[in-house]
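Enquirer:
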Amino acid sequence: MPYENIFEKGMKKHKYRAKEPALTDRTTIKVRFSEVDSMRIVWHGQYIKYFEDGRETFGKRYGIGYCDIYENGYTAPIVDLTCQYKQSLSFGEEAIVETNYIASDAAKIIFEYTVYKSDGETVVATGSTVQVFLNSNNELEWTNPDFYQEWKKKWNI
């Protein structure tokens with residue numbers, strides 16, 4: 000059995016996706032020297048930063064960035080994060096970070112990520128994050144904040 004198939008057999012590509020993502024953004028990154036390890040490949044922790052790059056560009060594009068949340072009186076810490084590694088990236092390579100918003104009725108923001116090589120087809124890593132809302136007293140919000148409900152309506156989610 001080929002090496003790739005050992006890890007793919009029986010595994011879901013993404014943790015949360017039961018249907019197509021509600022909104023998607025793609026951004027290109029270039030692997031910098033400071034992001035690689037002694038094996039000259041991207042250090043495993045760097046992929047989490049790539050996910051954050053994806054969240055930031057998604058937020059700017061769709062109006063749900065960190066500042067938008069903060070200006071409405073909330074913060075949105077990450078409470079769950081996954082990352083599955085499929086292939087390596089090396090110094091100087093370009094990659095595409097695809098960020099997918101997964102709709103949920105709960106008071107949380109769910110993103111799933113796919114990092115591709117520059118060809119847009121070869122999957123390097125997949126992962127997900129879940130963020131919850133904390134109010135200005137750092138208390139967990141159990142219902143969707145008004146601004147988030149309005150944001151969902153704006154995008155027909």
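Residues 0 to 156 (numbering that gives the first Met the number 0) make up the sequence shown, in order. For glycine and all other residues, C-beta sits at the position ideal for the given N, C-alpha and C.
Does the segment 130 to 150 come close enough to the segment 85 to 93 that 3 or more CB-CB pairs lie under 8 Å?
Expert: With the cut-off at 8 Å, the segment 85 to 93 and the segment 130 to 150 do not touch.
Enquirer: How big is the Cα-Cα spacing for F110 and S37?
Expert: Whole-angstrom Cα-Cα distance: 31 Å.
Enquirer: To the nearest angstrom, how far is the alpha carbon of T23 from that of N137?
Expert: Roughly 29 Å between the two C-alpha positions.
Enquirer: Nearest by alpha-carbon distance to V96: which of E19, R25 and P20 is it?
Expert: Taking only the C-alpha atoms, the option nearest V96 is R25.
Enquirer: Write down every uninterrupted run of the beta strand (DSSP E) in the segment 96 to 128 whose length is 3 residues or greater and which is fully enclosed by it, in chain order.
Expert: Here the runs fully enclosed are 107 to 116.
Enquirer: Going by beta-carbon coordinates alone, are G72 and S135 separated by less than 9 Å?
Expert: Yes, the Cβ-Cβ distance between G72 and S135 is below 9 Å.
Enquirer: N155: buried (16+ other C-beta within 10 angstroms of its C-beta) or exposed?
Expert: Result: exposed.
Enquirer: Provide the residue(s) that pair with R25 in DSSP beta bridges, ordered along the chain.
Expert: E97.
Enquirer: On the three-state DSSP scale, how would you describe T56?
Expert: DSSP places T56 in helix when its eight states are reduced to three.
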